[in-house]
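Enquirer:
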Amino acid sequence: MSSIDRRKFLGSSAAALALAGKVLAQGSGRDPLLTENDVSVAVRCYLYSFEYAKATDLFTVYDAKGRKIVTAPLQPLIRVAGVDGQDRGVVQGRLQSATRAGATILFQYSGVNQTGSLKLLARFDEHGFWFDPPEYANSVETDIVSLHYFAESNAGTIHPSLHSTYLTLPGIAEAPSVSAIQPASGNLEQTISLGRSGFYVPPFTHQQWGLPVHYFCVTGTDTQSIDGGRRDTYTRFRSETLLCGLADLPNGDLMFDLRTGGHCSLWVDYRSDLWHHLRTPGAVRLGCTLAFVFAPDPRSAAIAFGEQLVRSNLIQRKVNSTYKNSIALAPEFCTWGPQVERNFVKAHLNEDFLRSLYAELKTSGMKASIFSIDDKWEGRYGNLQHDPGRFPNFVALLDSIRAEGHHIGLWTAFMRCEDPSDLGLELKHMLQTADGHPYMGGHREYYILDFTQPEVEKVLTERASNFMRIYKPALVKFDFGYELPAMRSAAAADKRLCGERLLQRGLDIVLNALRAVNPDVVVMYYQLSPLFTKYFDLHSTDDLYLAAGDYSLEANRRIYYASALTPLGILVYGSSGYDWSSSPSIWFDSVAAGTIGSLNDFQGDEFGETSSPGAIALYNGFCKAIRQENIFEVIVYPPPRLEASIAGGHARSWARVSAGKVTLLAQRPASFDDSDTLDHRPTDARVAGLLETSAAVVVASMDADSVTTTSRLIVVPCDTGHMRLKRIRGTNARVTTHLFDGTSTATVVALQEHILSLDLVRLSTHGVPIEYLEIEIS
10 MSSIDRRKFL
20 GSSAAALALA
30 GKVLAQGSGR
40 DPLLTENDVS
50 VAVRCYLYSF
60 EYAKATDLFT
70 VYDAKGRKIV
80 TAPLQPLIRV
90 AGVDGQDRGV
100 VQGRLQSATR
110 AGATILFQYS
120 GVNQTGSLKL
130 LARFDEHGFW
140 FDPPEYANSV
150 ETDIVSLHYF
160 AESNAGTIHP
170 SLHSTYLTLP
180 GIAEAPSVSA
190 IQPASGNLEQ
200 TISLGRSGFY
210 VPPFTHQQWG
220 LPVHYFCVTG
230 TDTQSIDGGR
240 RDTYTRFRSE
250 TLLCGLADLP
260 NGDLMFDLRT
270 GGHCSLWVDY
280 RSDLWHHLRT
290 PGAVRLGCTL
300 AFVFAPDPRS
310 AAIAFGEQLV
320 RSNLIQRKVN
330 STYKNSIALA
340 PEFCTWGPQV
350 ERNFVKAHLN
360 EDFLRSLYAE
370 LKTSGMKASI
380 FSIDDKWEGR
390 YGNLQHDPGR
400 FPNFVALLDS
410 IRAEGHHIGL
420 WTAFMRCEDP
430 SDLGLELKHM
440 LQTADGHPYM
450 GGHREYYILD
460 FTQPEVEKVL
470 TERASNFMRI
480 YKPALVKFDF
490 GYELPAMRSA
500 AAADKRLCGE
510 RLLQRGLDIV
520 LNALRAVNPD
530 VVVMYYQLSP
540 LFTKYFDLHS
550 TDDLYLAAGD
560 YSLEANRRIY
570 YASALTPLGI
580 LVYGSSGYDW
590 SSSPSIWFDS
600 VAAGTIGSLN
610 DFQGDEFGET
620 SSPGAIALYN
630 GFCKAIRQEN
640 IFEVIVYPPP
650 RLEASIAGGH
660 ARSWARVSAG
670 KVTLLAQRPA
680 SFDDSDTLDH
690 RPTDARVAGL
700 LETSAAVVVA
710 SMDADSVTTT
720 SRLIVVPCDT
730 GHMRLKRIRG
740 TNARVTTHLF
750 DGTSTATVVA
760 LQEHILSLDL
770 VRLSTHGVPI
780 EYLEIEIS
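Counting with this note's numbering, you get residues 10 to 787 for the letters of the sequence shown.
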């Protein structure tokens with residue numbers, strides 16, 4: 010039945026009307042209740058309702074108030090090719106049975122690709138529901154090309170058919186010109202990656218930030234209001250958000266299609282027509298386990314997704330040692346910006362430049378704790394050894410920097426290889442194209458190691474171990490995974506470890522080797538997926554070079570989505586863009602979710618602006634406000650508008666909640682165009698009314714107590730104004746003002762009616778920039 014026929018059916022069928030969301034949500038208990046009749050299967054519980062229409066094979070999901078979130082086809086489609094490589098397309102099967110057993114439904118289809126069958130098990134619990142990997146069987150000899158969720162077939166053509174009003178894709182692009190929030194009316198026609206590899210997915214050739222994401226979100230409104238204007242469209246008629254995310258990894262490339270009218274689908278590309286590794290006759294398990302969770306908005310849904318995976322023992326929270334947290338949260342200076350500004354990239358990078366840049370860092374007064382050296386300190390990619398010609402005393406340089414109290418960070422691309430013979434390997438040990446040639450990346454500058462081969466694993470383990478022993482980095486900037494090619498381009502020898510499993514396999518090898526030498530080494534990457542929690546310690550907002558002019562806005566967006574990882578123990582590292590003017594705003598946005606960094610050039614940026622004492626003082630002040638824990642919640646307030654493609658997915662202010670206590674506030678005052686008094690978006694009760702300020706300010710507790718009860722506060726004023734902080738304890742405050750020149754002044758302020766009231770300024774009376782205020786309350 011075509012998609013038009015199906016929509017007509019849903020619009021007119023008595024069965025569909027009888028099972029409308031309003032009815033489904035009534036009387037729902039905490040445990041799912043499954044019911045069935047001749048035309049439908051329904052699941053009801055306190056959080057959601059799920060309706061399946063047998064005649065159309067469509068399922069519809071409603072939130073707790075009966076508002077429709079999404080409608081989509083249930084049967085996954087399987088594209089196959091003959092053994093001759095010819096595409097045989099897709100033939101949609103027919104529902105044979107839908108069998109209930111406890112809180113599960115087994116859907117069985119016949120006639121799939123004419124002679125095949127398909128089984129899909131759906132499991133339901135109080136928090137959401139799951140689709141297990143579908144099982145496909147056929148007696149005909151074919152290769153599996155791809156698996157498509159939420160799609161329909163018409164004459165062998167696959168049509169993405171999941172439909173909702175709003176779609177959220179945090180990793181949609183690295184450039185801010187494409188919004189992560191896509192309305193159905195946006196008519197974006199695009200295929201993107203939700204998996205590890207977006208770098209070579211045209212036309213978004215720089216999609217790598219946030220990948221792998223491994224999830225997407227949908228939010229519904231009253232269908233009549235999509236053209237705008239209907240009263241209460243975005244309050245009463247807007248649903249909660251449904252997130253669909255991976256609970257395990259497929260051995261294929263995870264892709265996502267967006268099509269006109271807000272139709273989309275999730276799919277896995279196997280390309281067995283090229284590799285002949287996934288074939289019938291027989292039965293094969295395809296795809297992955299999909300988890301569906303509910304929350305008021307996409308960011309909250311990402312948090313709920315992580316919690317669901319923890320609750321199901323699929324992942325664990327990252328528990329760090331005190332020392333490891335001190336490294337992960339150490340403020341950083343990265344050499345990449347000056348390298349780019351002064352053309353010391355690749356073979357131009359040398360030891361004299363690093364020495365002079367380190368001297369500039371010390372002279373500037375910037376109190377960075379990590380000096381991070383970027384690409385390309387290696388002689389040749391893959392060797393994991395410095396170039397002795399360009400860096401004759403590299404180890405001694407690192408030791409001298411450490412001796413002066415700085416930690417070392419090193420950029421790495423472990424799986425690149427310029428010359429296999431350097432490693433005692435051959436071209437056959439590289440990833441191969443389907444025609445039997447070694448694959449080359451980086452504009453054909455290097456090969457990619459096939460670390461599914463035992464010989465490569467041995468070499469890579471030895472190289473990674475030696476790298477740690479010789480250079481002793483405290484932080485490793487892992488900058489590689491997005492370069493792994495899609496299966497249409499190249500693949501590893503072990504096809505069980507291809508697709509989304511390939512990056513995981515490489516991480517198992519490399520990170521085990523690194524941590525065998527130093528268990529506390531901090532590894533930084535760009536991913537948003539909770540499935541990679543055990544591998545990475547620090548999420549990087551990455552290079553913002555595609556956001557020139559919008560550095561602070563784009564960093565804010567990335568921190569907004571990345572901060573959903575902090576309850577799992579993944580910290581957020583907020584580096585700067587290439588200009589000095591936007592950096593303080595980026596540092597401000599970074600403090601609540603983790604730590605700060607800089608890749609600014611002290612000699613001049615894109616606009617010719619050099620470092621100033623005022624900017625460096627702010628950096629130093631924010632450093633003092635960084636708290637030393639890695640498991641916490643970040644609150645954004647006021648809540649952003651979910652329907653806003655431009656303003657949505659951003660935060661004006663941030664709060665950190667540690668062990669149930671508000672321990673940090675990074676608050677900006679309302680601006681002229683804010684409409685908080687007119688909308689219906691209540692600020693989280695834990696922070697509502699806690700701080701009043703006319704200037705941007707960071708307030709942080711320096712112990713485990715909340716900002717309202719601690720005896721020690723750090724306050725970083727970012728502008729001139731006045732703040733009033735509610736207090737539960739204390740009558741007097743000793744305020745010590747720390748200045749950029751190293752001096753300080755002190756005064757005593759009395760609390761009035763449980764309010765700490767402070768004037769905020771950026772300069773002392775002598776014109777010296779203020780770094781921070783240290784407040785002791787008695």
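Backbone N, C-alpha and C define an ideal beta-carbon position, used for all residues, glycine too.
H172 by DSSP, collapsed to three states: which one?
Expert: Reduced to three states, the DSSP call for H172 is strand.
Enquirer: Does F616 pass the burial test, meaning 16 or more other C-beta atoms within 10 Å, or should it be called exposed?
Expert: Result: exposed.
Enquirer: Three Cβ pairs or more, each shorter than 8 Å: is that satisfied between the stretch 598 to 607 and the stretch 751 to 759?
Expert: Cβ pair count under 8 Å is below three, so no.
Enquirer: If distances are taken between C-alpha atoms only, which option among D444, A422, N402, K467 comes closest to L434?
Expert: L434 has its Cα closest to that of K467, out of D444, A422, N402, K467.
Enquirer: Looking at the structure shown, is D72 part of a helix, part of a strand, or coil, going by DSSP?
Expert: In the structure shown, D72 sits in a strand (DSSP, three-state: E or B).
Enquirer: Is there contact between the stretch 485 to 503 and the stretch 180 to 191, where contact requires at least three CB pairs shorter than 8 Å?
Expert: As far as the Cβ criterion goes, the stretch 485 to 503 does not touch the stretch 180 to 191, which means the pair count is below three.
Enquirer: Taking DSSP as the reference, what is the three-state secondary structure of K77?
Expert: Strand, per DSSP.
Enquirer: Looking only at its own chain, which residues have a Cβ that is under 7 Å from the Cβ of L115, when we skip the five neighbours before and after it?
Expert: Cβ neighbours of L115 beyond the five flanking positions: T108, K128, L130.
Enquirer: DSSP three-state call for S234: helix, strand or coil?
Expert: With a pLDDT of only 49 at S234, under the threshold of 50, the placement of this residue in the model should not be trusted, and no figure is reported.
Enquirer: Under three-state DSSP, which class holds A107?
Expert: A107: strand per DSSP, three-state reduction.
Enquirer: Looking at the secondary structure, which residues open and close the alpha helix (DSSP H) in which C632 lies?
Expert: Element bounds for C632: 622 to 634.
Enquirer: How is A502 classed by DSSP in three states: helix, strand or coil?
Expert: Residue state, collapsed to three classes: coil.
Enquirer: Check the DSSP bridge columns for W663 and list the partner residues they point to.
Expert: DSSP, once it has assigned bridges, lists V645, A675 as partnering W663.
Enquirer: Rounding to the nearest angstrom, what Cα-Cα distance links S787 and E762 in this structure?
Expert: Cα to Cα, the separation comes out at about 15 Å.
Enquirer: CA-CA distance, F159 and R97?
Expert: Their Cα atoms are separated by approximately 20 Å.
Enquirer: Run through DSSP, which three-state label would L163 get?
Expert: The sequence as given places Asn at residue 163; Leu does not occur at that position. In this structure, N163 counts as strand in the three-state DSSP scheme.
Enquirer: What would DSSP say about W386, mapped onto helix, strand or coil?
Expert: Coil, per DSSP.
Enquirer: Between the Cα of S206 and the Cα atoms of R566, D546, H775, R510, which residue gives the shortest distance?
Expert: Closest by alpha carbon: R510.
Enquirer: Using a 10 Å radius around the Cβ and a threshold of 16 neighbouring Cβ atoms, would you call L275 buried or exposed?
Expert: Its Cβ being crowded by 16 or more others within 10 Å, L275 is buried.
Enquirer: So what does DSSP say about E350, is it helix, strand or coil?
Expert: Here E350 sits in helix by DSSP.
Enquirer: Considering only DSSP beta bridges, list what Y534 is partnered with.
Expert: Answer is H548.
Enquirer: Taking the Cβ atom as the reference point for each residue, do L540 and H223 lie within a distance shorter than 8 Å?
Expert: Yes, these two residues count as a Cβ contact at 8 Å.
Enquirer: According to the neighbour-count rule (16 or more other Cβ atoms, all chains shown, within 10 Å of its Cβ), is A495 buried or exposed?
Expert: A495 comes out buried.
Enquirer: Let me make sure I understand the geometry here. Which of L252, D361, L432 has the alpha-carbon closest to that of P305?
Expert: Measuring from the Cα of P305, the nearest candidate turns out to be L252.
Enquirer: Kindly indicate the opening and closing residues of the alpha helix (DSSP H) around G515.
Expert: Counting along the chain, the alpha helix (DSSP H) containing G515 begins and ends at 509 to 526.
Enquirer: Among A660, L651, V666, P647, which one has its Cα closest to the Cα of Q637?
Expert: Cα-wise, what sits closest to Q637 is V666.
Enquirer: Report the three-state DSSP secondary structure of F597 (helix, strand or coil).
Expert: F597: helix per DSSP, three-state reduction.
Enquirer: Determine the extent of the alpha helix (DSSP H) in which Y570 is found, giving its start and end residues.
Expert: Note, Y570: alpha helix (DSSP H), 560 to 571.
Enquirer: Could you pull the DSSP bridge partners for M424 from this structure?
Expert: In the DSSP output, where bridge partners are listed per residue, M424 has none listed.
Enquirer: Scan the stretch 292 to 363 and note each continuous alpha helix (DSSP H) run of 4 residues or more that stays entirely inside, going in chain order.
Expert: Within the stretch 292 to 363, the complete alpha helix (DSSP H) runs of at least 4 residues are 307 to 320, 331 to 337, 345 to 350.
Enquirer: Go ahead and label A193 buried or exposed: buried means 16 or more other beta carbons lie within 10 angstroms of its beta carbon, across all protein chains shown.
Expert: Counting Cβ neighbours within 10 Å, A193 comes out buried, since at least 16 surround it.
Enquirer: Which word fits I764, buried or exposed, when buried means at least 16 other C-beta atoms lie within 10 angstroms of its C-beta?
Expert: I764 should be labelled exposed.
Enquirer: Distance check for F403 and S365, CA to CA, integer angstroms please.
Expert: Roughly 14 Å between the two C-alpha positions.
Enquirer: If I measure Cβ to Cβ from R311 and keep anything under 6 Å in the same chain, skipping five residues before and after, which residues do I get?
Expert: Checking the sequence, you will find Ala at residue 311 rather than Arg. Cβ within range, chain order: A573.
Enquirer: If you count every other CB in all the chains shown that lies within 10 Å of the CB of P647, and 16 or more means buried, which is it?
Expert: By the 10 Å Cβ count, P647 comes out buried.
Enquirer: My guess is that L553 and Y544 are in contact by the Cβ rule of under 8 Å, so how many angstroms apart are they, rounded?
Expert: With a Cβ gap of about 24 Å, L553 and Y544 do not count as contacting.
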